Amino acid sequence: MYMLDEDEEWRKHWFVISDSGLRYYRDSGAEERDEADGEIYLRHCLRVEEFDADKNYGLQLHMRDGPVTLSAMTSRIRRNWIDTLRRRISFRDSLDCSDDNLEGKLHPDNSDISSSSQNAPSRTSPAPHDPGSDVDGPYQDEPHKMTSLLTKRREAGEGRDQELERRLEGRTKWFQEGISDKEGEDPWDKVELKKGVVTPVILTRLQVPDTQTGPDIEKKWADFELLPIGEESSPVGVQNPQTTNEVLQGEVVSLRQQIEALRQVRVAAGVCDPDAPCALKLEQMEKEHRERLQKIHDEHERERREMERDKHRLLQEEAKNAVQAMEALRKAHREEIEKLKAHGGGETTDPSITQQRESLSLQQELDGLSERYSQQCVELSRIQNNTEERNGKIRQKEREMEQLRQENQELQARLTEEISLMRSFITGQRSGVVPLGSYERSTSELEVRL
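Residues in the sequence shown are numbered from 1 upward in steps of one, following full-length UniProt numbering.
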């Protein structure tokens, strides 16, 4: 995320939430080297709310000495940080309130505490803790002993009110349930990360000696009440570096399940996948399209050659018909002259009448030839228009072919990028343990890309 510094400039940091507050580093490598740039103490934080920042999605922490403005890359990341910080602040307030009430009820006066400690009977210290030992024996009867002890103390009225007794009963119940559980390995301990198998985390339990009595248990609870808030909130050594590994293992398994589900959905929808032959399909489509274009081009060339041949043939036929018509007219004219000479008996005919008749005949023949020539021209014009349309279709197909080739290259590039991104999620790039902040950022980038 980004943080607004004193100079009103945005600085990018790597934020990590801890028990004491919100630490920020220069990058993830600085976190591994434990070189923090600073820390925001959540104990002084009053509230967390959204903020309309000029960069991405802002959130603001209202501290006692002034607000601290942060900016997340997406609204989802901002919402997750706000929820986490609010839960941490509310949990801190509830712990502070319960601790104040408990101290007020348990220690109303120092003189009472000293007097009660002097009058208390001697208690035996518990035996040393052995992590490998099993819990059995006296703990099977402890629920009845603790319940009867609380009942006797309630009847005797030894200065504890009902709320404190309910608190002790709840902790006793938790203590009994923790003892009755069987030890075992966490199923996430079998998940292998880049650096190897994480050592399984076994929750150790207190070993209580056989001679432990009710006053001994009360002494143990009194010592437990005096523990600091941080130790009280984490039972039986749960605050362990291995617990973080457990959480990270769970996140890795969850991420693998999400990637597998996403892959199945994309395969079912027919979208490219690392296992799907997208490249072969695209090449096959491109090959079929190229063959179809070549077929259309060959057909167009064949039709053009046929039209050229038809054009020459029609012109030759028209010229031949015109020559034949002229020859027929001359022959008819000569025959008519011969007939006139034969019928006229040597009488001379008017040459103007003869020329007029010849011109009329020739005009009629020329009109017929012109009409047929016009029809042929119209036919040729139509053929030329069809040829232009086919050329336009061919050019359009070529443009589509080029566009498909570009889309093919883009899809191959995206496919390669997605495969590398998925591999980086599964195997990890920098270390064997993937940080939670990096996991959230990578998940958001994966959603945007997919």
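Ideal Cβ placement from N, Cα and C applies to all residues, glycine included. Every value quoted in this text rests on a predicted model; they were computed, and no experiment measured them.
Just to confirm, are residue i and residue j a CB contact at a threshold of 7 Å?
{"i": "K55", "j": "W14", "result": "no"}
{"i": "R78", "j": "Y57", "result": "yes"}
{"i": "L329", "j": "L362", "result": "yes"}
{"i": "G66", "j": "Y41", "result": "no"}
{"i": "E39", "j": "R26", "result": "no"}
{"i": "E50", "j": "L59", "result": "yes"}
{"i": "A322", "j": "L369", "result": "yes"}
{"i": "L293", "j": "N408", "result": "no"}
{"i": "M307", "j": "I383", "result": "yes"}
{"i": "H44", "j": "R64", "result": "yes"}
Taking the alpha-carbon of residue i as reference, which of the options has the nearest alpha-carbon?
{"i": "S28", "options": "A342, D37 and A322", "result": "D37"}
{"i": "R290", "options": "E417, Q396, F51 and E6", "result": "Q396"}
{"i": "R357", "options": "R334, L369 and Y373", "result": "R334"}
{"i": "Q355", "options": "D367, G368, Q375 and A332", "result": "A332"}
{"i": "L366", "options": "A325, R309 and N245", "result": "A325"}
{"i": "K287", "options": "K12, I82 and E398", "result": "E398"}
{"i": "V68", "options": "N80, F91 and D7", "result": "D7"}
{"i": "V16", "options": "L4, A53, E410 and L85", "result": "L85"}
{"i": "D52", "options": "L4, F91 and E35", "result": "L4"}
{"i": "D310", "options": "I259, N245 and Q376", "result": "Q376"}
{"i": "E317", "options": "E303, E338 and R372", "result": "R372"}
Taking the straight line between their C-alpha atoms, what separation do you get for residue i and residue j?
{"i": "I89", "j": "M73", "result": "23 Å"}
{"i": "L314", "j": "E301", "result": "20 Å"}
{"i": "T243", "j": "L404", "result": "51 Å"}
{"i": "M1", "j": "T416", "result": "28 Å"}
{"i": "H343", "j": "I353", "result": "16 Å"}
{"i": "F425", "j": "G250", "result": "14 Å"}
{"i": "L360", "j": "N385", "result": "37 Å"}
{"i": "V48", "j": "L70", "result": "11 Å"}
{"i": "V378", "j": "E388", "result": "15 Å"}
{"i": "D19", "j": "L46", "result": "17 Å"}
{"i": "E31", "j": "V247", "result": "18 Å"}
{"i": "V191", "j": "M401", "result": "Caution is warranted here: a pLDDT of 42 is assigned to V191, below 50, making its placement in the model unreliable, and no coordinate value can be reported."}
{"i": "L262", "j": "T427", "result": "18 Å"}
{"i": "W81", "j": "I394", "result": "57 Å"}
{"i": "R305", "j": "N391", "result": "15 Å"}
{"i": "L280", "j": "Q264", "result": "20 Å"}
{"i": "S381", "j": "S374", "result": "10 Å"}
{"i": "E260", "j": "E35", "result": "37 Å"}
{"i": "E338", "j": "E327", "result": "16 Å"}
{"i": "D83", "j": "Q406", "result": "44 Å"}
{"i": "H297", "j": "R414", "result": "34 Å"}
{"i": "K295", "j": "E303", "result": "12 Å"}
{"i": "N245", "j": "R87", "result": "22 Å"}
Between which two residues does the alpha helix (DSSP H) carrying residue i extend?
{"i": "E31", "result": "S28 to E32"}
Which residue comes first and which comes last in the beta strand (DSSP E) that contains residue i?
{"i": "E50", "result": "C45 to F51"}
{"i": "T69", "result": "G66 to A72"}
{"i": "K55", "result": "Note, K55: premise wrong, no beta strand (DSSP E); not H, not E."}
{"i": "L42", "result": "Unbroken run through L42: none, as it is neither H nor E."}
{"i": "M3", "result": "Y2 to L4"}
Meets three-Cβ-pair contact criterion under 8 Å: the stretch 406–421 and the stretch 248–261:
no
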